[in-house]
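In the working numbering, the protein residues as written are 23 to 416.
Just so you know, even glycine gets a beta-carbon here, dropped at the ideal spot from N, CA and C.
See below for the structure under consideration.
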Ligand code: NAD
Ligand code: MG
């Protein structure tokens, strides 16, 4: 166990990426960084190269990669700069890598995550959209590649920690799982005011600082819809055994109810370094840097059901799980387009759901057989969703 493990972090400049580096820095001598990757933030990736000395730094955008290469040379850093989507797959599948942290946001992370799965890596999955788009094909790649898939999403990490160690015991013992949600920043906003909510308001999450896309998804609860689909694949459960509960304090990170009605929950302060550290050290435990819970000062824990009128997008998750394969990829693509339009102030907050709903109605995908098929569904759904954005734009 003391052998140095080599890790690639996909999306190292994001919220999950920087939290991962924070955890790794607490364990010198245990991990070695093979590659760090980012999309366009040259300064941020350069700073990480100076501090963490990866063998490779990858920027998916070639012009940004060449800017980074110049600056790495000027500082004489021993880091090789690569560019493009293929390089992301290379640093994920390389025989020199043991662990891949998948922390790119959106379907853009699908190809490198699949490459890591097929190459049999220990795959720490934060990039839920990759699994929502990939579905059965993603899980097949994990199985045939011999990968170890570990959830980083805090809810799925919580459930994973509450379940019996061996997956063969899950179906016999489990009744259902309960995914908890903060309810987002608009959980108490009058329904009539939702239409006027701005990107800045949507990104002011009550308990976490996160990327902008997942922040908007938390406000609509589309994040929880994606997590229902993610749980379906991670734990091989039908939608009917996946429930969602609002728990504003985010102390309980999710729960499992067993056949005898007994419920197990995982608790802790809301800090993504906990599920990240658990993924890195599993099945052992190691320091995460998080503050422990102080039960003496803990306020009450409350729960409520998610209202359909406030969070219509949440309920799409169970619908798409019953629809033909590939429909989850359509929903994900529509949502990425709608959220980007909202963040660019080109779509009203309450119309994100309208775009998603209309795109699902307009497109029935044919069954995907491989990555190319998934990417084709993703492209087609994006184009339909763009049309819906134009139609629905204020
Ligand atoms: P973020 O926006 O902070 O970071 C995204 C990272 O992906 C950045 O490093 C960026 O450079 C990279 N990236 C973006 N677009 C890319 C593209 N087209 N090609 C290659 N790289 C690209 O996002 P985040 O909040 O860290 O979230 C990352 C993933 O983790 C998401 O799927 C999110 O749902 C999931 N997640 C995040 C949290 C959280 O607390 N932030 C919690 C649970 C799950
Ligand atoms: Mg989550």
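Own chain residues within Cβ distance below 7 Å of residue i, not counting five before or after
{"i": "residue 412", "result": "none"}
{"i": "residue 36", "result": "125, 127 and 233"}
{"i": "residue 303", "result": "none"}
{"i": "residue 311", "result": "44, 45, 48 and 295"}
{"i": "residue 399", "result": "348, 351, 352, 387 and 390"}
{"i": "residue 337", "result": "330"}
Residue i CB to nearest heavy atom of ligand 2 below 8 Å
{"i": "residue 378", "result": "no"}
{"i": "residue 44", "result": "no"}
Start and end residues, beta strand (DSSP E) containing residue i
{"i": "residue 280", "result": "274-280"}
{"i": "residue 79", "result": "78-81"}
{"i": "residue 102", "result": "102-105"}
{"i": "residue 289", "result": "285-289"}
{"i": "residue 170", "result": "170-173"}
{"i": "residue 201", "result": "196-203"}
{"i": "residue 27", "result": "27-32"}
{"i": "residue 57", "result": "53-60"}
{"i": "residue 123", "result": "121-124"}
{"i": "residue 145", "result": "144-147"}
Distance cut-off 8 Å: residue i Cβ against heavy atoms of ligand 1
{"i": "residue 234", "result": "yes"}
{"i": "residue 243", "result": "no"}
{"i": "residue 130", "result": "yes"}
{"i": "residue 149", "result": "yes"}
{"i": "residue 121", "result": "no"}
{"i": "residue 404", "result": "no"}
{"i": "residue 211", "result": "no"}
{"i": "residue 294", "result": "yes"}
{"i": "residue 199", "result": "no"}
{"i": "residue 139", "result": "no"}
{"i": "residue 22", "result": "The displayed coordinates of the chain run from 23 to 416. Any statement about residue 22 would go beyond what the structure contains."}
{"i": "residue 323", "result": "no"}
{"i": "residue 38", "result": "yes"}
{"i": "residue 127", "result": "yes"}
{"i": "residue 110", "result": "yes"}
{"i": "residue 415", "result": "no"}
{"i": "residue 65", "result": "no"}
{"i": "residue 114", "result": "no"}
{"i": "residue 60", "result": "yes"}
{"i": "residue 82", "result": "yes"}
{"i": "residue 107", "result": "yes"}
{"i": "residue 162", "result": "no"}
{"i": "residue 92", "result": "no"}
{"i": "residue 239", "result": "yes"}
Beta-carbon separation (whole angstroms), residue i vs residue j, contact threshold 8 Å
{"i": "residue 181", "j": "residue 263", "result": "Not a contact, Cβ separation roughly 11 Å."}
{"i": "residue 372", "j": "residue 261", "result": "So it is not a contact: roughly 25 Å between Cβ atoms."}
{"i": "residue 286", "j": "residue 184", "result": "4 Å"}
{"i": "residue 135", "j": "residue 147", "result": "7 Å"}
{"i": "residue 420", "j": "residue 164", "result": "In this structure the chain extends from 23 to 416, so residue 420 is not present and cannot be described."}
{"i": "residue 266", "j": "residue 203", "result": "6 Å"}
{"i": "residue 341", "j": "residue 249", "result": "Not confirmed; about 15 Å, so no contact."}
{"i": "residue 118", "j": "residue 28", "result": "6 Å"}
{"i": "residue 32", "j": "residue 68", "result": "At roughly 18 Å, the Cβ-Cβ gap does not stay under 8 Å, so residue 32 and residue 68 are not in contact."}
Sequence-distant residues of its chain with Cβ nearer than 8 Å to residue i (five each side left out)
{"i": "residue 87", "result": "80, 81, 103, 104, 105 and 106"}
{"i": "residue 335", "result": "242, 243, 244, 247, 357, 374, 375 and 378"}
{"i": "residue 101", "result": "71, 75, 76, 77, 78, 79 and 94"}
{"i": "residue 99", "result": "71, 72 and 75"}
{"i": "residue 221", "result": "234, 238, 364, 365 and 367"}
6 Å CB neighbourhood of residue i in its chain, flanking five on each side removed
{"i": "residue 205", "result": "268 and 270"}
{"i": "residue 109", "result": "80"}
{"i": "residue 77", "result": "56"}
{"i": "residue 374", "result": "242, 360 and 364"}
{"i": "residue 406", "result": "381, 384 and 385"}
{"i": "residue 279", "result": "197, 198 and 285"}
{"i": "residue 122", "result": "30, 114, 138, 143 and 145"}
{"i": "residue 301", "result": "146, 172 and 174"}
Where the alpha helix (DSSP H) through residue i begins and ends
{"i": "residue 339", "result": "338-344"}
{"i": "residue 16", "result": "Coverage of the chain is limited to positions 23 through 416, which leaves residue 16 absent and any answer about it impossible."}
{"i": "residue 364", "result": "349-365"}
{"i": "residue 150", "result": "150-167"}
{"i": "residue 68", "result": "64-74"}
{"i": "residue 235", "result": "234-242"}
{"i": "residue 267", "result": "Residue 267 -> not in any alpha helix (DSSP H); beta strand (DSSP E) instead, spanning 264-268."}
{"i": "residue 140", "result": "132-140"}
{"i": "residue 184", "result": "176-184"}
{"i": "residue 406", "result": "393-414"}
{"i": "residue 385", "result": "Note, residue 385: premise wrong, no alpha helix (DSSP H); not H, not E."}
Cβ-heavy atom distance, residue i to ligand 4, below 8 Å
{"i": "residue 33", "result": "Because ligand 4 does not appear in the structure shown, any question about it cannot be addressed here, the ligands present being ligand 1 and ligand 2."}
Minimum Cβ-Cβ distance from residue i to chain B less than 9 Å
{"i": "residue 399", "result": "In the structure shown, chain B cannot be found, because there is only a single protein chain."}
Practice prompt. Starting from the N-terminal end, write out each residue whose C-beta falls within a distance shorter than 7 Å of any non-hydrogen atom of ligand 2.
Written response: 175, 176, 177, 245 and 249
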